[in-house]
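Student: One structure, as C-alpha cells, below. Some questions next.
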Amino acid sequence: MIEIKRYTPKDAAEWNNFVWKSRQGTFLFDRNYMDYHQDRFHDHSLMFYYKGRLYAILPANETADEDKKILYSHQGLTYGGLLTCSKVTAEVCIDIFQALKDYLLQNDFQLCIYKAMPWIYQSIPSEEDLYALSYIGKAKLIAREISTTIFLNAPLRFSEQRRRGIKKAVSHGLSVGFTKFPKDITDFWDLLDKNLWQRHNTHPVHSKEELQLLMHRFPDHILCFVVKKDETIIGGSIVYTTPQVIHTQYIAANELGKQLGALDALFDFILHKCPWNVPYFDFGKSTEDAGKYLNKNLIHQKEGFGGRGVIYDTYQWEI
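This is the structure in C-alpha cells:
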C-alpha cells in the first residue's frame with residue numbers, strides 16, 4: 230500500500246536526507262537549491278511511503294493552463310522525475326504510479342508533464358519509472374533533446390580543431406584555473422550576461438545574486454573556472470558536480486576569448502587536469518524548442534572535445 234504526502238517545509242530534513250541516499254540524488258533536488266526560486270513556481274512536490282517508510286519522492290510544481298491543472302516534474306530544473314531508494318523494484322514503482330494517478334485524479338489534475346532523468350545521473354539502473362509511465366499512464370513522448378557527454382574512463386581524443394585551439398591559447402599566454410574570488414565570479418557572470426543578451430536577447434537563468442547565493446550554499450557542488458589574458462577574464466564556465474556527472478551549467482567566452490582558443494584551453498584543463506572521481510562529463514543540451522531545433526555548430530564544438538549523445542526526454546501523461 231502506497232501512501233502519498235504532499236511536501237511542506239516541515240519535511241525539508243527528511244526530504245534532503247532521502248535525496249542524498251537515493252539512486253538518482255543530486256544537489257539540485259536539495260530544498261536549499263530548489264527553494265531559491267520558490268517564488269516562481271507553485272511547489273507541489275510529493276513523498277511516497279511504502280509500509281510506513283519513505284521509498285520515493287517527486288520534485289514537482291503545479292500550474293493552471295487553459296483551464297487545465299498540470300503537475301510538472303519540474304519546470305525549474307533541468308531534469309526531474311521520481312527519486313527512489315534501492316528497495317524500489319519494478320512492481321513497487323508500478324504501485325507508486327498507480328497511487329500517483331489516483332492522487333492526481335482526486336486533486337483535479339488533468340495532465341502530468343514528466344521530465345525523465347537521463348540515465349547518466351543514476352548510481353544504478355533506475356528506469357522503472359519510464360516503464361510505469363507507459364504501463365499505468367500510457368504517457369507519450371512530447372520532447373526529445375540531445376546533450377553531449379564524455380565517458381571519463383575512456384574519453385575520445387579531442388578533434389584536430391580543438392587541439393589547434395589549445396596550442397593557440399598556450400602561444401598567447403592564456404591562464405586557466407578554478408576560482409573562488411568573488412570578483413572573478415562577478416566578472417564571468419557579466420561576460421556571460423553580455424553574450425546572452427547580444428546573441429539571444431536574454432539573461433542567464435540565475436541572476437548574479439542567485440548564483441552567488443547558491444555557490445555559498447553548495448561550495449563543493451557549484452564551481453567556477455575562468456580563462457584570463459593579462460588578468461582579464463575572457464572565458465569561463467560554471468560547473469555543477471554531482472555523484473555521477475560533472476555538468477557545465479554555463480559556458481561563455483568573449484570575442485577575444487573565441488579568437489585565442491579560450492574554451493579549448495578551458496576544457497583541456499577541466500577534462501585533463503582536474504581529478505574528477507565520477508564517470509561522466511556532460512556539456513548539456515544543444516537543442517531548442519523541445520528538441521525541434523538542433524544547434525549544429527554548438528553540438529559540433531562539444532563533440533570536438535570527445536562528447537557523444539545522451540537523450541533528455543519529456544513525457545505527457547493525460548490523467
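Numbered according to our numbering, the sequence shown spans residues 230 to 548.
Even glycine gets a Cβ: it sits at the ideal position worked out from N, Cα and C.
From a predicted model like this one, the values you see are computed outputs, not experimental measurements.
1) DSSP three-state label for Phe534, please.
2) Would DSSP call Leu306 helix, strand or coil?
3) Tell me the rounded alpha-carbon separation between Pro288 and Gly402.
4) Quick check on Gln327: does DSSP put it in helix, strand or coil?
5) Can you give me the start and stop residues for the beta strand (DSSP E) that Lys369 sits inside?
6) For Val321, count the other beta carbons within 10 Å of its own beta carbon; 16 or more makes it buried, fewer makes it exposed. Which is it?
7) Can you name, in chain order, every residue of its own chain whose Cβ lies under 7 Å from the Cβ of Tyr479, other than the five neighbours on each side?
8) Gly520: buried (16+ other C-beta within 10 angstroms of its C-beta) or exposed?
9) Starting from Ser466, follow the beta strand (DSSP E) in both directions and report where the run begins and ends.
10) To which residues of the same chain is Gly366 closer than 6 Å at the C-beta, ignoring the five residues directly before and after it?
11) Counting pairs of Cβ atoms below 8 Å between the stretch 274 to 292 and the stretch 366 to 385, do you hit three or more?
12) Name the residue from Val507, Arg446, Arg373 whose alpha carbon lies nearest to the alpha carbon of Tyr522.
13) Do Gln253 and Ser355 have their CB atoms nearer than 8 Å?
14) Which whole-angstrom value is the C-beta distance of Ala491 and Val456, which I expect to be below 8 Å?
15) Report the CB separation of His550 from Glu291 in whole angstroms; it is logged as a contact under 8 Å.
16) Do you know offhand how far Ala285's Cα is from Arg235's?
17) Do the CB positions of Gly305 and Asp358 come within less than 8 Å of each other?
18) Does the stretch 413 to 431 come into contact with the stretch 471 to 485, if we say contact requires no fewer than three beta-carbon pairs (one atom in each stretch) closer than 8 Å?
19) Helix or strand or just coil, what does DSSP make of Gln390?
20) Measuring CB to CB, does Ile299 end up less than 8 Å from Leu340?
21) Just to confirm my understanding: we take Asp413, look at its own chain, exclude 5 residues before and 5 after, and list those with CB closer than 6 Å. What are they?
22) Give the secondary structure of Trp546 by DSSP, where H, G and I count as helix, E and B as strand, and everything else as coil.
23) Using a 10 Å radius around the Cβ and a threshold of 16 neighbouring Cβ atoms, would you call Tyr360 buried or exposed?
Tutor: So, from the listed chains and residues:
1) By one-based count along the sequence shown, residue 534 stands at place 305. Coil, per DSSP.
2) Here residue 306 corresponds to residue number 77 of the sequence shown, with the count starting at 1. In the structure shown, Leu306 sits in coil (DSSP, three-state: anything other than H, G, I, E or B).
3) Here residue 288 refers to the residue found at position 59 of the sequence shown. Here residue 402 refers to the residue found at position 173 of the sequence shown. Those two C-alpha atoms are separated by around 46 Å.
4) Along the sequence shown, one-based indexing puts residue 327 at 98. Helix.
5) Counting from one through the sequence shown, the residue named residue 369 turns up at place 140. Note, Lys369: beta strand (DSSP E), 369 to 380.
6) Here residue 321 refers to the residue found at position 92 of the sequence shown. With 16 or more Cβ atoms within 10 Å of its Cβ, Val321 is classed as buried.
7) In the sequence shown, counting from the first residue as 1, residue 479 sits at position 250. Contacts found: Leu421, Pro433, Ser466, Ile467.
8) Taking the first residue of the sequence shown as 1, we reach residue 520 at position 291. By the neighbour-count rule (16 or more Cβ atoms within 10 Å), Gly520 is buried.
9) Looking up residue 466 in the sequence shown gives position 237. First-last of the beta strand (DSSP E) with Ser466: 461 to 470.
10) Working through the sequence shown from its first residue, we reach residue 366 at position 137. Correct list, in chain order: Trp546.
11) no
12) Residue numbering aside, residue 522 sits at position 293 when the sequence shown is read from its first letter. Nearest C-alpha to Tyr522: Arg373.
13) For the purposes of this step, residue 253 is identified with residue 24 of the sequence shown, where counting begins at 1. For the purposes of this step, residue 355 is identified with residue 126 of the sequence shown, where counting begins at 1. A contact, by the Cβ cut-off of 8 Å.
14) Here residue 491 refers to the residue found at position 262 when the sequence shown is read from its first residue. Here residue 456 refers to the residue found at position 227 when the sequence shown is read from its first residue. About 4 Å; that satisfies the 8 Å criterion.
15) Residue 550 is absent from the structure shown; the chain starts at 230 and stops at 548.
16) Start at 1 with the first residue of the sequence shown, and residue 285 comes out as number 56. Start at 1 with the first residue of the sequence shown, and residue 235 comes out as number 6. About 12 Å.
17) Against the sequence shown, residue 305 aligns to sequence position 76. Against the sequence shown, residue 358 aligns to sequence position 129. No. Outside cutoff.
18) yes
19) Locating residue 390 in the sequence shown gives position 161, where the first residue counts as 1. Reduced to three states, the DSSP call for Gln390 is helix.
20) Numbered from 1 along the sequence shown, position 70 holds the residue referred to as residue 299. Numbered from 1 along the sequence shown, position 111 holds the residue referred to as residue 340. Contact: yes.
21) In the sequence shown, the residue the question calls residue 413 occupies position 184. Val455.
22) Translated into the one-based positions of the sequence shown, residue 546 becomes position 317. Reduced to three states, the DSSP call for Trp546 is strand.
23) In the sequence shown, counting from the first residue as 1, residue 360 sits at position 131. By the 10 Å Cβ count, Tyr360 comes out exposed.
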